[in-house]
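Undergrad: After the structure tokens below, expect a handful of questions from me.
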Amino acid sequence: MPKKRSTKTDGKASKQLNKKPKAKKPLTHAQLKKKVDEWFGKAIRYRAADKDGFAECWTCGTRHHVGYLHPGHFASRRHMATRWDDREDGASNVMPQCIACNLYDQGRQWYFGRRLDEVVSGRAEEIMRAAQRPRSYGVAELRQLVDRYKIEANAQLAAKPAIANRPAKGEAYSRTQRRKEEAAAEGEL
Ligand SMILES: [Zn+2]
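Reminder that position 25 of the sequence shown reads as 318 in my numbering, one-by-one numbering, no gaps.
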């Protein structure tokens, strides 16, 4: 798809002349996609949090503060049709996952699918099929998703303030685990 490019050339000059307060540039499609990832990921994790801000990893069951959990995908997030899959029955393509499961064990996909099927029989296959369908999002739709999940994440945070108090890493992890995660965080950027 060809990207539209701005043909404005006088933007800078006129701004300097008028010294108007900077108008906020609207986010690009790519930036909006990142924003949906961010707020959707928060909503998924915060929703799962208990009153202490902890939730279980979907694939290994270990309890972590949600600040240490990732939004883990069963079908890869490159499939747009299921990238922000969200189902009320609690067995969707994106579930809270510990960093070890999410990054070190191919997302433990087999366990991921098995647990989905435990909640709703056939769900893993259903998601894998849905993931193959082409899906694209317009800017307006992305904005709606950002708003929707921002509202939910903030409501969860208001209801469970402990979500904001992520304990120091040392309290929750062994040294080996911590080293693994630091290496992962660096690799991620
Ligand atoms: Zn795990």
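Note that CB positions come from ideal geometry on N, CA and C, so glycine has one too. Quantities reported herein were computed from a predicted structural model and do not represent experimental measurements.
#1: In angstroms, rounded to a whole number, what distance separates the CA positions of Gln425 and Pro314?
#2: Start and end of the alpha helix (DSSP H) containing Gly490?
#3: Let me make sure I understand the geometry here. Which of Gln437, Ala448, Pro460, Lys462 has the alpha-carbon closest to that of Asp330?
#4: Out of curiosity, what's the CA-to-CA distance linking Lys327 and Asp440?
#5: Could you tell me which uninterrupted alpha helix (DSSP H) segments, each at least 4 residues in length, are contained entirely in the segment 352-402, listed from first to last along the chain?
#6: I'd like the ranges of any alpha helix (DSSP H) spanning at least 4 consecutive residues and lying wholly in the segment 441-467.
#7: Just how far apart, CA to CA, sit Arg356 and Cys350?
#8: Are the beta-carbon atoms belonging to Ala452 and Lys335 less than 8 Å from one another?
#9: Check the C-beta distance from Ala374 over to Leu362 and give it rounded, since I have them as a contact under 8 Å.
#10: Ala348 lies in the beta strand (DSSP E); which residues open and close that run?
#11: Verify the contact flag: Gln390, CB atom, against every heavy atom of ligand 1, threshold strictly below 7 Å.
#12: Please confirm whether any heavy atom of ligand 1 lies closer than 7 Å to the CB of Ala368.
#13: Should Ala393 be counted as a contact of ligand 1 given a C-beta to heavy atom distance under 7 Å?
#14: Using only the alpha-carbon positions, how far apart do Tyr339 and Gln399 sit?
#15: Return the CA-CA distance between Gly354 and Lys318, expressed in angstroms with no decimal places.
#16: Verify the contact flag: Thr355, CB atom, against every heavy atom of ligand 1, threshold strictly below 7 Å.
#17: Out of curiosity, what's the CA-to-CA distance linking Ala342 and Ala393?
#18: According to the Cβ coordinates, are Asn395 and Phe367 closer than 8 Å?
TA: Taking the definition as stated:
#1: On the sequence shown, residue 425 is found 132 positions in, with the first residue counted as 1. On the sequence shown, residue 314 is found 21 positions in, with the first residue counted as 1. Whole-angstrom Cα-Cα distance: 46 Å.
#2: The requested residue 490 is not part of the displayed model; the chain covers only 294 to 482.
#3: For the purposes of this step, residue 330 is taken as residue 37 along the sequence shown, with counting starting at 1. Taking only the C-alpha atoms, the option nearest Asp330 is Gln437.
#4: Here residue 327 is taken as the residue at index 34 of the sequence shown, counted from 1. Here residue 440 is taken as the residue at index 147 of the sequence shown, counted from 1. Going from the Cα of Lys327 to the Cα of Asp440 covers about 13 Å.
#5: 373-376, 392-397
#6: 462-465
#7: Counting from 1 along the sequence shown, the entry for residue 356 is found at position 63. Counting from 1 along the sequence shown, the entry for residue 350 is found at position 57. Going from the Cα of Arg356 to the Cα of Cys350 covers about 6 Å.
#8: Translated into the one-based positions of the sequence shown, residue 452 becomes position 159. Translated into the one-based positions of the sequence shown, residue 335 becomes position 42. Cβ distance not < 8 Å, so Ala452 and Lys335 don't count as in contact.
#9: On the sequence shown, residue 374 is found 81 positions in, with the first residue counted as 1. On the sequence shown, residue 362 is found 69 positions in, with the first residue counted as 1. In fact, because the Cβ distance is near 24 Å, the residues do not count as touching under 8 Å.
#10: The sequence position of residue 348 within the sequence shown is 55, counting from 1. That run of the beta strand (DSSP E) goes 347-349.
#11: As a working note, residue 390 is residue 97 in the sequence shown. Yes, since a heavy atom of ligand 1 falls inside the 7 Å radius drawn around the Cβ of Gln390.
#12: Working through the sequence shown from its first residue, we reach residue 368 at position 75. No, Cβ of Ala368 sits at least 7 Å from all heavy atoms of ligand 1.
#13: The sequence position of residue 393 within the sequence shown is 100, counting from 1. Flag set: Cβ of Ala393 near ligand 1.
#14: In the sequence shown, the residue the question calls residue 339 occupies position 46. In the sequence shown, the residue the question calls residue 399 occupies position 106. So the alpha carbons of these two residues sit roughly 23 Å apart.
#15: Here residue 354 is taken as the residue at index 61 of the sequence shown, counted from 1. Here residue 318 is taken as the residue at index 25 of the sequence shown, counted from 1. For Gly354 and Lys318, the distance between alpha carbons rounds to 43 Å.
#16: For the purposes of this step, residue 355 is taken as the residue at position 62 of the sequence shown. Flag set: Cβ of Thr355 near ligand 1.
#17: Indexing the sequence shown from 1 puts residue 342 at position 49. Indexing the sequence shown from 1 puts residue 393 at position 100. Computed Cα separation, rounded: 19 Å.
#18: In the sequence shown, counting from the first residue as 1, residue 395 sits at position 102. In the sequence shown, counting from the first residue as 1, residue 367 sits at position 74. For Asn395 and Phe367, no; Cβs fall outside 8 Å.
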